[in-house]
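These notes are about the structure you will find just below.
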Amino acid sequence: MMAFQYDNSAAGLQLRDISDPEPGPEYVQLEVKAVGICHSDCHIVSGTSDAWLTKKPITLGHEVAGIITKVGHGITQFCPGDRVAVSQICHPVEERDWTLSIGLGFDGGYAQYAVAPVCRLVRIPDCVSFAQAAVATDALASSYHAVAVEAGAKPGITVGVIGLGGLGMSGLAFGTLRGAIVYGIDILKDKFEEAQRLGAHGCFKSLDDAKNVSFDVIVDFAGTGSTMQAALSAVKEGGKVVIVGLSAQILTVPTEVLVMRTVTLVGSLGASADDLAEVIDALAKGGVKGRLWTDPSKAVK
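If you use the UniProt record's numbering, the sequence shown closes out at 301, no skipped numbers anywhere.
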């Protein structure tokens with residue numbers, strides 16, 4: 001089969017003819033129908049960071065959806081022909097094992113076929129496309145986990161979402177879907193119309209403009225030093241700040257603000273298989289909708 005593999009940043013992605021992967025016990029083989037290009041893959045290929053990888057060369061691609069073609073020994077809950085998506089990062093974090101992460105711990109979905117552990121599989125209903133499901137595995141599920149699980153969005157909770165890019169917009173949508181009052185914060189005002197279409201109660205260019213809002217929790221999808229510090233000061237006393245964005249390598253925490261205001265500061269990475277199942281269910285029911293751009297494989301390099 002053909003696969004895009006990564007050795008080092010100087011070589012970039014290399015299209016190679018390699019053997020089809022075979023599923024061992026507790027694994028299945030998938031015919032890959034759709035795979036997302038994650039920003040972290042771009043960081044890896046550009047040489048910014050490949051510390052995530054546990055092997056080289058490796059077939060990248062961790063946002064994977066496809067059809068099961070083979071099952072390993074002893075698997076009864078899935079069978080060939082099933083439509084599935086692959087959850088990437090295990091939760092709770094105490095059980096996290098990067099060697100089980102497709103496209104990081106073992107060969108991923110930039111290929112015709114891939115294998116995946118059965119514990120990471122989530123069924124895809126017929127009304128959800130493979131492309132939607134692939135995007136759901138990371139871009140949507142990571143936003144869902146940050147807003148629904150870490151931030152605890154629900155009726156009666158006021159949430160601020162910093163950074164109205166793809167992750168931030170989907171996080172905002174999930175917050176409103178769960179009944180929270182959600183505000184968007186972004187330096188670009190042209191993002192506000194879309195945010196309000198997705199249910200934002202209001203939008204601001206900065207948290208300084210939102211001084212009349214009492215935020216129970218703020219989710220920072222930008223992750224710069226300035227946005228984190230602004231969030232710590234803007235959230236209500238006893239509130240919570242969730243960091244998702246990785247824009248800054250080092251964040252300086254104003255301990256006096258953190259301690260005196262008794263604010264909880266947490267990071268959020270990825271999502272569980274249960275989170276992914278919730279996201280795919282929301283897609284199936286029309287609660288959220290993804291905007292997708294597809295490229296032929298020749299555009300990958």
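Just so it is clear, CB atoms sit at the ideal spot from N, CA and C, and this is done for glycine as well.
Every value quoted in this text rests on a predicted model; they were computed, and no experiment measured them.
Contacting residues, own chain, Cβ-Cβ under 8 angstroms from residue i (five flanking each side not counted)
| i | result |
| --- | --- |
| E278 | Y144 and A148 |
| R120 | V86, S87, Q88, C90, L100, I102 and A273 |
| K74 | Checking the sequence, you will find Gly at residue 74 rather than Lys. Correct list, in chain order: P25 and E26. |
| G225 | A248, I250, L251 and T252 |
| G72 | P23, G24, P25, E26, Y27, V28 and V118 |
| D41 | L60, G61, H62 and G103 |
| C79 | I68 and V71 |
Terminal residues of the alpha helix (DSSP H) in which residue i lies
| i | result |
| --- | --- |
| F78 | Per DSSP, F78 belongs to no alpha helix (DSSP H) and is neither H nor E. |
| A173 | G166 to L177 |
| I44 | H39 to S46 |
Expected contact under 8 angstroms - CB spacing of residue i and residue j to nearest Å
| i | j | result |
| --- | --- | --- |
| F215 | T158 | 6 angstroms |
| K70 | V28 | 7 angstroms |
| G199 | V217 | In fact, because the Cβ distance is near 17 angstroms, the residues do not count as touching under 8 angstroms. |
| L172 | A195 | 6 angstroms |
| F130 | G66 | 7 angstroms |
| I162 | A231 | 6 angstroms |
| Q77 | V128 | Not really, about 19 angstroms apart at Cβ, beyond 8 angstroms. |
| K189 | K205 | 6 angstroms |
From the options, residue whose alpha carbon lies closest to that of residue i
| i | options | result |
| --- | --- | --- |
| V84 | I44, A134 and Q112 | A134 |
| L265 | L188, K240, Y27 and V259 | K240 |
| L53 | F78, G74, V32 and Q5 | Q5 |
| N8 | S19, D50 and G184 | D50 |
| R96 | D275, G270, E22 and I280 | G270 |
| V235 | V257, G223, Q77 and K205 | V257 |
| P57 | P80, D82 and G105 | G105 |
| S170 | K154, L232 and V288 | V288 |
| Q14 | L251, A210 and A111 | A111 |
| L207 | G223, H201 and T227 | T227 |
| G152 | V93, A210, A65 and L177 | L177 |
| I37 | T48, V118, H62 and K55 | H62 |
| residue 303 | I44, G81, C127 and V32 | Residue 303 lies beyond the residue range present for the chain, which begins at 1 and ends at 301; the question has no answer from this structure. |
| L246 | V219, T48, G223 and G238 | G223 |
| K55 | L188, W98 and H39 | W98 |
| F174 | V32, G286, C42 and I68 | G286 |
| V219 | N212, G165 and D41 | G165 |
| V213 | C127, T48, S40 and G160 | G160 |
| R16 | L60, K33, E237 and I185 | L60 |
| V93 | R197, E150 and T48 | E150 |
| D281 | H39, T48 and Q132 | Q132 |
Host beta strand (DSSP E) of residue i (start-end)
| i | result |
| --- | --- |
| A195 | Where A195 is concerned, there is no enclosing beta strand (DSSP E), although the alpha helix (DSSP H) it sits in stretches over F192 to R197. |
| D17 | L13 to D17 |
| I162 | T158 to I162 |
| T69 | E63 to V71 |
| I181 | I181 to I185 |
| L188 | It is not in any beta strand (DSSP E) - L188 carries neither H nor E in the DSSP assignment. |
| A3 | M2 to Y6 |
| A34 | Y27 to G36 |
Close-in-space but distant-in-sequence residues of the same chain around residue i (CB under 7 angstroms, 5 per side omitted)
| i | result |
| --- | --- |
| L167 | A139, S142, S143, F221 and V244 |
| Q229 | P254 |
| P21 | Q29, D107, Y113, A114 and V115 |
| G267 | I243 |
| S46 | S9 |
| I18 | M1 and A3 |
| S233 | V257 |
| L276 | A85, S87, V122, A136, T137 and A141 |
| V32 | V64, G66, G109, A111, Q112, Y113 and A114 |
Residues of its chain near residue i, where Cβ-Cβ distance is below 6 angstroms and the 5 sequence neighbours each way are ignored
| i | result |
| --- | --- |
| P125 | A284 |
| P155 | G179 |
| G202 | Y183 |
| F192 | C203 |
| G238 | T262 |
Residue i CB to nearest heavy atom of the ligand MG below 7 angstroms
| i | result |
| --- | --- |
| A85 | Of the ligands one can find in the structure shown there are none, so the ligand MG has no counterpart to examine. |
Minimum Cβ-Cβ distance from residue i to chain C less than 8 angstroms
| i | result |
| --- | --- |
| S272 | Although the question refers to chain C, the structure presented lacks it and comprises just one protein chain. |
Exercise. At which residue ranges does the region 201-288 contain complete beta strand (DSSP E) runs of 3 or more residues, listed in the order of the chain?
Worked result: Taking only runs of at least 3 residues, the beta strand (DSSP E) segments lying wholly in the region 201-288 are 202-204, 215-220, 235-243 and 264-267.
For this session: Pick out the complete beta strand (DSSP E) segments inside the region 84-156, 3 residues or longer, and give them in chain order.
Result: Runs of the beta strand (DSSP E) inside the region 84-156: 113-117 and 121-123.
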